[in-house]
Structures are given as structure tokens and as C-alpha cells.
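J.:
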Amino acid sequence: QRLFENNFKGKMLHRPSPTAYNWALRLGAKKYEAQTFADLEDEEDIWDFVSALLARSDVLRFQPWIAKDARNFIRLSQLPMQVDYDAFHVRRDGNIQGYEEEAGVEVIPFQEYLKTWERHDCSDKARIIYIASDDPGQIKEEISKYPVGDAGNLILPGVDECHGLRFYLREDSTSTEFMKKGSTSDCSIQYRRTISSVADLIILSKSSTFIIGEFGSGFGRLVRTFRAALNDFPGREEEGPVLVRDTRVVWGKSHPGPPGM
């Protein structure tokens, strides 16, 4: 990261820049898209444009056996991906820099994710929410404290009482567990954890609304990269050069910065 900050970040943000045009072409941009990128001046627009090109390109592509095993894991989640659903990425694997000083607790309470998610388009149908977490047991315990309605869906007093919620949470959902330095797992378990993380990445990337605690996690920043797309939609020009599917941050900066950093 220091190498990028010292040697490349300034060059990528410098405008006007014929070099930026060539960078975009190498990432698979069409000529008019590369020109749009070369003309961008806003830093967040530049990073979002790079994210959208990366998401569309073959730079981030899984090997066929990885993709197959990830699809099997997704099926195990029993999440009905053919319907509209939302997703949370909830970290419980350590302190969040600056959060305890501000809020007085080490981790972001689950209630804060729900407040950030809160919807106002009331519906009789339960809203489906998938949760990826490094500590699913703890999250299940927090969820169990909420009352359950007649249909078996959770009701959230004071948050969104016009919605029933149905949560999907795999016991083996370990989106960050496999990266812990203290892990002594054998290779087969390590591979299973990695595949579980890839499955979570796919599920979170395709969700209608994505809620993340903060962008201190490289995993969460990667999810946002896959949620970016170039704005080639007629009538939506005023929304900017890149469209990012609804992504909300509970605490901290709302933009993750350069993709991959």
C-alpha cells in the first residue's frame, strides 16, 4: 500500500492525462469509456471507474473448480437468490480503529446495522437478509433477542415495525476466519473456509442493498468493487459515470478509496 501511495496514486489522479486513457484500455475499456476516464477529475469517480472496469474484466475471475465449489456452498445457504434480498457484512474479529473512542464499545452493535438498513416501503412479505460474519454464533445470539411474529419472522420494535425479517446465516459462514494468523487448520479446512468466503462474496455482491459496518475490511471493499458498473444507461446520465448498487456504511468513511487498497 505504501508503494502505491508513494509511486502510483498521484499519477492515477493527475489530470489531464493521456496515460489514464491507456490504463483504461488495458482494463478492457472501449475507446469512448477510456476517454471518459481520462477526463475525470473527482477522486471518488476515478476509483469507482477503476472498480467498474475491474468488475467487468477478466482480471478478477475464479478458476472453474473454485466457481463450482462456491455455487455448491451458495446452495447450502438455502438462500433464495432468485428473489430480491439484502445482505449485511458483520465483523466481530477485532477492534475497529476509532470506533471504541467514539461509541464506547469495541464492535458495532447489530442494532446499528438494522438502523442503517431501515426501509420505508412497507410490505406484508418478510424481507430476506443474508448475513456474512466471522462469528455467526454471536450474531445468532444477538438476533435471538428480537421478538418473533405470527409468521415466524422477526419484528424489530423501534427500527422497522412494518417489516418482518427473515435472516439467512450459515454456521460455516467464515468470511474472514480463514485469514486469521492464529489458524492451525489443515489444508482441506483452509480450502473450505476460502470457498465459503468466495460464496459470501458472490452473495453480497448480488444483493439489492449491502450494509457494511466500515471499510476497514479488504473483503468488504472487494464486495463494493463488484457492485460497481459503468453508467451506460440512457436517462441516468445525471447519476454520474459509475453506478454503485445500493451500499450503506454504518460507521466511518462512506467511500473505500482505491480498489484493492
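Converting from the sequence shown to the working numbering requires adding 980 to each position, the first position being numbered 1.
Where is the CB? At the ideal position from N, CA and C, for every residue including glycine.
1. When the Cβ atoms of the stretch 1182-1191 are set against those of the stretch 1008-1021, are three or more pairs found closer than 8 Å?
2. List, from N- to C-terminal side, the beta strand (DSSP E) runs of 3 residues or more that fit wholly inside the stretch 1167-1217.
3. Just the C-alpha distance for His1235 and Asp1025, rounded to the nearest angstrom, thanks.
4. Helix, strand or coil: how does DSSP classify Phe1042 here?
5. Of all the options Val1128, Ile1108 and Ala1208, which has the alpha carbon lying nearest to the alpha carbon of Met1061?
6. Rounded to whole angstroms, what is the Cα-Cα separation between Ile1175 and Leu1210?
7. Could you name the residues of the same chain whose beta carbon sits closer than 7 Å to that of Gly1237, not counting the 5 residues immediately before and after it, in chain order?
8. Confirm, please, whether the CB-CB distance from Ala1112 to Phe1068 is below 9 Å.
9. Quick check on this structure: which residue in Val1070, Gly1215 and Val1030 has the alpha carbon closest to the alpha carbon of Ala1009?
10. Thinking C-alpha only, which one of Pro1116, Glu1023, Val1224 and Glu1081 is nearest Glu1148?
11. Exposed or buried, which one is Gly1078 when buried takes at least 16 other CB atoms within 10 Å?
T.: Working from what's here:
1. no
2. 1190-1192 and 1208-1210
3. Along the sequence shown, one-based indexing puts residue 1235 at 255. Along the sequence shown, one-based indexing puts residue 1025 at 45. Each residue's Cα considered, the two are about 10 Å apart.
4. Position 62 of the sequence shown holds residue 1042. Reduced to three states, the DSSP call for Phe1042 is coil.
5. Taking the sequence shown and counting its residues from 1, the one referred to as residue 1061 is at position 81. With distances taken between Cα atoms, Met1061 lies closest to Ile1108.
6. Residue numbering aside, residue 1175 sits at position 195 when the sequence shown is read from its first letter. Residue numbering aside, residue 1210 sits at position 230 when the sequence shown is read from its first letter. In a straight line, the C-alpha of Ile1175 is about 28 Å away from that of Leu1210.
7. Counted from its first residue, the sequence shown places residue 1237 at position 257. Closer than 7 Å at Cβ, skipping near neighbours: Trp1027.
8. Locating residue 1068 in the sequence shown gives position 88, where the first residue counts as 1. Locating residue 1112 in the sequence shown gives position 132, where the first residue counts as 1. Yes.
9. The sequence position of residue 1009 within the sequence shown is 29, counting from 1. Of the listed residues, the one whose Cα sits closest to Ala1009 is Val1030.
10. Within the sequence shown, the letter at position 168 stands for residue 1148. Checking the displayed sequence, the identity of residue 1148 turns out to be Tyr instead of Glu. For the residues Pro1116, Glu1023, Val1224 and Glu1081, the minimum Cα distance to Tyr1148 belongs to Pro1116.
11. Start at 1 with the first residue of the sequence shown, and residue 1078 comes out as number 98. Exposed, since its Cβ has fewer than 16 Cβ neighbours within 10 Å.
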